[in-house]
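Engineer: Using full-length UniProt numbering, the letters of the sequence shown correspond one by one to residues 1 to 300.
C-beta atoms are modelled at their ideal positions from N, C-alpha and C, and glycine is treated no differently.
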Amino acid sequence: MRVQQQTAGENGGIASRTSRTKTHKRRRIRYGRLSAALVLLALIITGLTYAFIGMTHWIKGYVAPPPIAAIEQPTKLGMIEMTPDVKEEPARFQGQVRKLAYITFDDGPSEYTEQLLDILKEHEAKATFFMIGRQLNQHKSAVERLVQEGSYPGLHSMTHNYNTLYKSGSSANFVKEFKKEQKMVQDLIGFTPHLIRAPYGSSPQIGESFRGDIAAAGFKMWDWTTDSLDWNLPGQPDKIVARVRKSVHRDKEVILMHEREQTVQALPRILKLLEDRGYEFEVYDPNAHWTANFSGDTRL
Ligand SMILES: [Zn+2]
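1) Pick from D118, I132 and V143: whose alpha carbon is nearest that of L188?
2) Based on the DSSP output, what are the partners of T226 in its beta bridges?
3) Evaluate T298 with the Cβ neighbour count: other Cβ atoms within 10 Å of its Cβ, from every protein chain shown; 16 or more gives buried, anything less gives exposed.
4) Can you tell me whether F178 is buried or exposed, with buried defined as 16 or more other CB within 10 angstroms of its CB?
5) Which whole-angstrom value is the C-beta distance of H156 and P199, which I expect to be below 8 Å?
6) Should residue 307 be listed as close to ligand 1, given that the test is whether its C-beta is under 8 Å from any heavy atom?
7) If you measure from the CB of H123, is any heavy atom of ligand 1 nearer than 8 Å?
8) What does a CB cutoff of less than 7 Å around N173 pick up in its chain, not counting 5 residues either side in sequence?
9) For G108, which beta-bridge partners are listed by DSSP?
10) Tell me, which residues are paired with M221 by DSSP?
11) Taking 8 Å as the cut-off, is the beta-carbon of R197 closer than that to any non-hydrogen atom of ligand 1?
12) Is any non-hydrogen atom of ligand 1 found closer than 8 Å to the C-beta of Y200, if you look at the structure I gave you?
13) Would K121 pass as a contact of F281 if the rule is Cβ separation under 9 Å?
14) Using the Cα positions of I119 and D238, report the straight-line distance between them to the nearest angstrom.
15) Please list the terminal residues of the continuous beta strand (DSSP E) segment that includes F210.
16) For ligand 1, any of its heavy atoms closer than 8 Å to the Cβ of I132?
17) Ordered along the chain, which non-local residues of its own chain (more than five positions away) have a Cβ less than 7 Å from that of H289?
Quick look at the structure:
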């Protein structure tokens, strides 16, 4: 009976006044239910869309590659291919990634070592010195002082002679020189350094098996990320400062400098610009070693 009335009403046919009013009521109810259902459906769709967008962002956060700026290509001399260490959390302090500058001085100890130490002291900075073995005895007190003041006595071979170290292609002379120098430093200051820097850098003259021999001898090897080119800029400290200013941008910078007069002149401004850029000065720490060689060889 109800069904019939309803059908009649919907067809707009011959229904009585009473039944027409009832039909209108039912229609209102049905339209009401329909719009409620539509609103609910719209809400569900919106909800699902938001959930989907949220999910993609969440997934992106996990699988998206790092921004291009974070992938540094070793395009020029002095650029290290930084090997991302998945185990290593970025060093954070109060929510900010710490920017660390490792100042390094090659080819000492020399008549300039003490002056460099004086400037470092003014900035509460320490440095990593890569020293030449045959110069150690002439500057004993400078070596003792740099270690006392917290700098690291790194090794840079006995002779610094390209032909002796590399020409044969064998690692024999290289390893022998570094072992000899290591023993000298040990006898001099009672500390055994393991970090070396290859004269002229590790690339291209040091290949994979050569690097394996260095690692097997118990050494670690650092190149650099920023080359100040200071050795080639005598009398031009401004250019050395400009060169460093242009190059530094990484969270960890290993800055190559040498014990030269122009470097002594440029150093105060270099330390100042690094401070202004938010860098903290770090010295090599054997207990917190990280890979910094041109080949990204994690054995070293
Ligand atoms: Zn050198």
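Structural biologist: Taking the definition as stated:
1) Looking up residue 188 in the sequence shown gives position 188. Checking every option, the nearest Cα to that of L188 belongs to V143.
2) Within the sequence shown, numbered from 1, the residue matching residue 226 stands at position 226. DSSP output for T226 lists I255 as bridge partner(s).
3) Start at 1 with the first residue of the sequence shown, and residue 298 comes out as number 298. Exposed, because fewer than 16 other Cβ atoms sit within 10 Å of the Cβ of T298.
4) Numbered from 1 along the sequence shown, position 178 holds the residue referred to as residue 178. Per the 10 Å Cβ criterion, buried.
5) The sequence position of residue 156 within the sequence shown is 156, counting from 1. The sequence position of residue 199 within the sequence shown is 199, counting from 1. Yes, H156 and P199 are in contact; Cβ-Cβ is about 6 Å, under 8 Å.
6) Since the first and last residues shown for the chain are 1 and 300, residue 307 lies out of range.
7) Within the sequence shown, the letter at position 123 stands for residue 123. No.
8) The count along the sequence shown starts at 1 and reaches residue 173 at position 173. Excluding positions up to five away in sequence, the list reads T164 and L165.
9) Along the sequence shown, one-based indexing puts residue 108 at 108. M131, per the DSSP bridge assignment.
10) To locate residue 221, count along the sequence shown from 1; it is residue 221. Paired residues: I196.
11) What you label residue 197 is simply residue 197 of the sequence shown in a count that begins at 1. Yes, the Cβ of R197 comes within 8 Å of a heavy atom of ligand 1.
12) Here residue 200 refers to the residue found at position 200 of the sequence shown. Yes, ligand 1 has a heavy atom inside 8 Å of this Cβ.
13) In the sequence shown, counting from the first residue as 1, residue 121 sits at position 121. In the sequence shown, counting from the first residue as 1, residue 281 sits at position 281. Cβ distance not < 9 Å, so K121 and F281 don't count as in contact.
14) Along the sequence shown, one-based indexing puts residue 119 at 119. Along the sequence shown, one-based indexing puts residue 238 at 238. Distance between the alpha carbons of I119 and D238 is about 17 Å.
15) Taking the sequence shown and counting its residues from 1, one reaches residue 210 at position 210. Run containing F210: none in the beta strand (DSSP E); it sits in the alpha helix (DSSP H), E208 to A216.
16) As a working note, residue 132 is residue 132 in the sequence shown. Flag set: Cβ of I132 near ligand 1.
17) By one-based count along the sequence shown, residue 289 stands at place 289. The answer, listed in chain order, is K220.
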